[in-house]
Every structure is written in C-alpha cells, then in structure tokens.
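Undergrad:
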Amino acid sequence: MSLFSDASRFIPGGVNSPVRAFRGVGGEPVFIERAAGARIFDQNDRGYIDYVGSWGPMILGHAHPTVIRAVQERAALGLSFGAPTRIETQVAQRICEIMPSIELVRMVSSGTEATMSAIRLARGFTGRDKIVKFEGCYHGHSDSLLVKAGSGALTFGVPTSPGVPKEFAAQTITLNYNDIAQVQQLFSDSGNEIACIIVEPIAGNMNCVPPVPGFLETLRAVCDQSGAVLIFDEVMTGFRVARGGAQALYNIRPDLTTLGKIVGGGMPVGAFGGRRDIMEKIAPLGPVYQAGTLSGNPVAMAAGLATLELLDQPQFYEQIAARTTQLMEGLQHAAKLAGIALSTNHVCGMFGLFFTDQSPVRYFREVMACDVERFKRFFHGMLNEGIYLAPSAFEAGFLSAAHTPADIDATIAAAKKVFATL
Ligand code: PMP
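So for the sequence shown, the numbering used here puts the first residue at 70; every next one is plus one.
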C-alpha cells in the first residue's frame with residue numbers, strides 16, 4: 070500500500086492542506102522524509118530540487134544549521150508557557166525595525182489567523198462591515214475571505230466554499246486585481262461603507278502576478294479619502310521580495326500588514342501589525358478581541374528570530390534575485406527553442422510560469438486562460454527529472470538562498486528535456 074493510500078485511511082484526502090494532494094496535477098503526492106538546503110528527499114531518499122520551499126517560508130534553504138540550533142536550544146528550555154517571554158519582544162522589535170509601517174505587532178500561529186484578525190480589527194476600528202478583496206488573491210480560509218478565493222479553492226474550481234454563510238460573503242466585495250478604474254468607481258459610489266481593502270501587493274495565489282503601476286497607489290489614495298484601512302497581506306511577500314516586503318519595494322505604507330511564512334522560519338507563525346492608533350484597539354488595550362494559547366510560542370519565535378537575523382547577510386536578496394532571473398531566462402530560452410509558448414513573471418525570489426502567448430500576464434482572466442493541461446504534463450515531467458514544482462498551475466514558485474547556479478542549470482536542462490515532450 071502506498072503512503073498516500075495509507076494516509077487516506079485516516080486523513081481526509083490523505084493531506085492536511087488540500088493543494089498537497091496533487092489534485093491540480095493528478096497522480097499521488099510525494100511524501101517527504103527530510104530536507105537540506107535546496108533539496109527535499111522522499112522516503113526512498115530520492116532528492117528533488119525544491120521550488121516550493123514549504124510554500125514560501127524556507128528562504129534560507131531547508132534545515133539551515135543556525136535556525137535548527139536555535140530551535141533545539143530553545144526547545145530544551147520548555148515548549149510553551151502561556152506567559153510572556155523575552156524572545157517575543159525580540160521578534161516584535163525586529164519586525165517593527167524591518168517594516169517601519171508596523172508600530173505595534175501581535176503574533177499568531179498562521180497566516181489565516183493574521184488576516185482574519187486584521188479584518189476584525191479594521192471593522193472594529195472603522196465601525197463598518199464591508200470589506201474589499203480581489204479575485205485570485207487568497208488570504209487564508211476564514212469565512213469573510215473565502216469568497217471567490219484563489220489558491221486551493223481555485224484549483225478545485227470551487228470559488229466559494231459551502232459552509233460560508235451567504236450573509237458573511239455578502240459583506241465581501243470582490244474586485245479584479247490590477248483594475249484601477251473599478252476600485253475608483255466602487256469608492257466613489259460607496260467608499261464610506263468600506264472598512265478595509267485587503268490585497269496581496271504581489272499576487273502569489275493566482276500564480277505570480279505583480280501589481281501594475283498605479284494599482285497599489287490607487288488603493289492607498291482611496292483608503293486615505295474614505296477612511297478605509299489598507300491591509301497589505303504580506304504573508305507571502307514579507308521578507309521575500311525585499312527585506313521590507315512589497316511595501317518597501319513599491320514604497321507604499323499600508324495601515325496594517327499581515328505576515329506569515331518567513332516570519333516563522335518554517336514553524337507555525339503569523340503576525341499582524343501596523344498603525345499604533347489602530348493596533349491599540351486590540352485586547353487588552355482595546356475592545357476588539359483576539360487571543361491564542363500558543364501565540365508567540367518560544368520555539369517558533371526562536372526559528373523566526375534566527376531566520377530574520379540571517380536576512381541581513383550582505384547581497385542576500387541580490388543573489389536570490391539574480392538566480393531567479395537566471396532561471397526565468399533559461400526556461401524562456403528553452404521553451405522558445407522547443408516552440409512552447411511560455412510567459413514568466415518574477416519579483417526577486419518569487420516566480421510564476423504560464424503556458425500562454427500572453428506576456429506579461431497581469432489579470433486574473435489571463436491566468437485562467439493559460440494551458441493547464443500542458444502545465445500538468447510539465448509538472449510531472451519535471452518531477453520525474455527530480456525537480457519539485459508547486460503541484461498547481463495557480464501557485465507561485467520560490468527560490469531560496471541555498472539554490473546554486475548549478476541547481477538552476479540542472480533545472481533548465483531538465484526543462485529542455487520535458488519541453489521536447491510537451
Ligand atoms: N495570505 C497569503 C497571501 C497566503 O499566501 C496564505 C497562504 N498561502 C495565507 C494568507 C494563509 O496562510 P496560512 O496558510 O498560514 O493560514
């Protein structure tokens with residue numbers, strides 16, 4: 070019996086998060102036993118060059134010795150106390166230093182919790198109920214946000230989930246990502262009813278779609294005019310596309326920021342923070358309730374702190390960006406030689422591959438028009454060659470600091486072989 074069928078006896082669909090089940094590409098998922106640097110290894114110790122990186126957190130590469138040591142040392146002191154610890158302050162201080170828009174920050178245990186709490190806070194702060202999000206953006210699976218969401222839900226063609234009350238969904242207005250005129254229209258009609266805009270400043274859950282010039286600026290402007298709270302969901306982009314996240318890259322100051330993934334260095338961590346006057350509305354300072362038994366867990370904080378400290382290495386982001394560019398250019402060149410229509414987007418160590426003539430891909434409808442069947446064949450071909458890509462045509466890929474030029478060359482060589490079979 071395969072590990073997957075064994076798992077499926079006890080776990081719904083054999084997985085604890087849907088996209089892992091390979092439904093988007095067919096076949097059975099690879100079970101991972103261990104990982105080191107740029108590679109993950111299955112139960113037979115077959116290695117794969119990994120471009121998923123646990124869906125973003127592993128920017129240093131897997132099992133970085135400094136991070137592992139920090140976790141081991143911390144774990145030996147006790148796993149959880151449910152009382153404040155010094156290391157929580159150290160992480161919070163780091164976050165505030167790296168992202169100056171964050172004046173106060175609260176730790177949680179997942180990206181979903183971070184966005185859910187930020188939305189509640191924005192509603193509590195403004196006294197308004199309606200929220201704005203964008204089609205193809207994913208902000209975790211809380212009720213208000215599981216409305217035409219991307220990511221796993223998109224892969225399955227279930228844009229909204231049963232179990233979300235329609236009264237909740239009715240409070241969520243979903244607009245087209247990168248459509249500036251539509252945002253302006255909505256806010257001129259009903260801006261004073263809107264509690265917040267939540268946005269992925271670079272969309273990473275409909276593959277990888279950067280903002281068009283003026284899009285984020287427009288969001289900032291309409292929020293300033295209407296009093297709505299601007300929330301940048303930087304769960305994926307935070308510490309990823311630049312040390313200070315997309316807000317540093319594009320020089321836009323959101324009112325609130327949600328974080329996850331890298332901030333926990335591979336441990337279950339999320340965070341939300343921002344303007345002091347808004348954050349002061351959170352309990353125990355204010356009336357908006359939010360809490361967590363394991364929030365700020367010391368072992369998780371140790372992984373996060375060690376990871377954030379290592380981002381300060383010289384040329385850290387420049388190197389990842391250069392490797393990503395090398396990969397994208399190599400793949401495009403190989404696709405061209407094979408006569409395959411391939412379009413790519415990338416921002417620093419975050420990338421998207423699209424089987425389409427459209428270049429660049431900027432809108433949700435363009436993402437949806439890509440050749441998913443061809444992606445599936447590409448995915449399995451690459452897996453067979455020892456390259457582990459995200460098992461869905463709608464997910465961004467990630468490089469880490471551990472990916473070497475030789476890894477990139479090996480990946481391009483594998484793609485050459487696979488393109489010839491498509
Ligand atoms: N926001 C964004 C932008 C994400 O990419 C994700 C997860 N991929 C989430 C929120 C939810 O985070 P988590 O899976 O940790 O709940």
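C-beta atoms are modelled at their ideal positions from N, C-alpha and C, and glycine is treated no differently.
Between the Cα of L299 and those of H131, G365, Q316 and A404, spot the shortest distance and give me the residue it belongs to.
TA: Along the sequence shown, read from residue 1 onward, the residue named residue 299 stands at position 230. For L299, the nearest C-alpha among the options comes from Q316.
Undergrad: Taking only three categories from DSSP, how would you classify M70?
TA: Against the sequence shown, residue 70 aligns to sequence position 1. Reduced to three states, the DSSP call for M70 is coil.
Undergrad: Where do the ends of the beta strand (DSSP E) carrying G193 lie?
TA: Taking the sequence shown and counting its residues from 1, one reaches residue 193 at position 124. Unbroken run through G193 is the alpha helix (DSSP H), G180 to T195; no beta strand (DSSP E).
Undergrad: Quick check: the Cα distance between G221 and E172, rounded to an integer number of angstroms?
TA: Indexing the sequence shown from 1 puts residue 221 at position 152. Indexing the sequence shown from 1 puts residue 172 at position 103. Low confidence applies to G221: its pLDDT is 42, below 50, so where it sits in the model is not reliable, and the reading given next is rough at best. The straight-line gap from Cα to Cα measures roughly 33 Å.
Undergrad: For the ligand PMP, is there any heavy atom lying closer than 7 Å to the beta carbon of G26?
TA: With the chain running from 70 to 491 in the structure shown, residue 26 is simply not present.
Undergrad: Going by Cα to Cα distance, which pick from F448, L374 and T306 is closest to I137?
TA: Locating residue 137 in the sequence shown gives position 68, counting from the first residue. Answer by Cα proximity: L374.
Undergrad: What does DSSP give as the partner residues of C265 in its beta bridges?
TA: Indexing the sequence shown from 1 puts residue 265 at position 196. According to DSSP, which records beta bridges pairwise, C265 is partnered with I200 and V298.
Undergrad: Helix, strand or coil: which one does DSSP assign to T327?
TA: By one-based count along the sequence shown, residue 327 stands at place 258. Looking at T327 - three-state DSSP - the assignment turns out to be strand.
Undergrad: If I measure Cβ to Cβ from I164 and keep anything under 8 Å in the same chain, skipping five residues before and after, which residues do I get?
TA: Position 95 of the sequence shown, counted from the start, is the residue given in the question as residue 164. Contacts found: I171, V174, L328, V332, A340, G342 and L377.
Undergrad: Is S179 near the ligand PMP, going by C-beta to nearest heavy atom under 7 Å?
TA: Numbered from 1 along the sequence shown, position 110 holds the residue referred to as residue 179. Yes; taking the cut-off as 7 Å, the Cβ of S179 has a heavy atom of the ligand PMP nearer than that.
Undergrad: Looking only at its own chain, which residues have a Cβ that is under 6 Å from the Cβ of M176, when we skip the five neighbours before and after it?
TA: Translated into the one-based positions of the sequence shown, residue 176 becomes position 107. Closer than 6 Å at Cβ, skipping near neighbours: A340, S364 and G365.
Undergrad: Do you know whose CA, among P282, I267, M305 and E262, lies nearest N274's CA?
TA: Position 205 of the sequence shown, counted from the start, is the residue given in the question as residue 274. Considering only alpha carbons, the answer is M305.
Undergrad: Under a CB-based cut-off of 8 Å, is M168 close to chain C?
TA: This model lacks chain C altogether; it includes just one protein chain.
Undergrad: For L379, I'd like the list of residues in its chain whose CB is within less than 6 Å of its CB, leaving aside the five on either flank, ordered along the chain.
TA: As a working note, residue 379 is residue 310 in the sequence shown. Excluding sequence neighbours, L379 sits near L129.
Undergrad: What does the Cβ neighbour count give for D476, buried or exposed, with the cut at 16 atoms within 10 Å?
TA: The residue given as residue 476 occupies position 407 in the sequence shown. Answer is buried; the Cβ neighbour count reaches 16.
Undergrad: Closer than 7 Å to a non-hydrogen atom of the ligand FAD - does that hold for the CB of P279?
TA: Ligands in the displayed structure: the ligand PMP; the ligand FAD is not one of them.
Undergrad: Give the single residue among A369, G408 and S469 whose Cα lies nearest to the Cα of A144.
TA: Here the question's residue 144 lines up with position 75 in the sequence shown. Minimum Cα distance to A144 is reached at A369.
Undergrad: Rank M451, V416 and C265 by C-alpha distance to the C-alpha of A311 and give the top, closest one.
TA: Residue 311 sits at position 242 when you count from the first residue of the sequence shown. Nearest option by C-alpha distance: V416.
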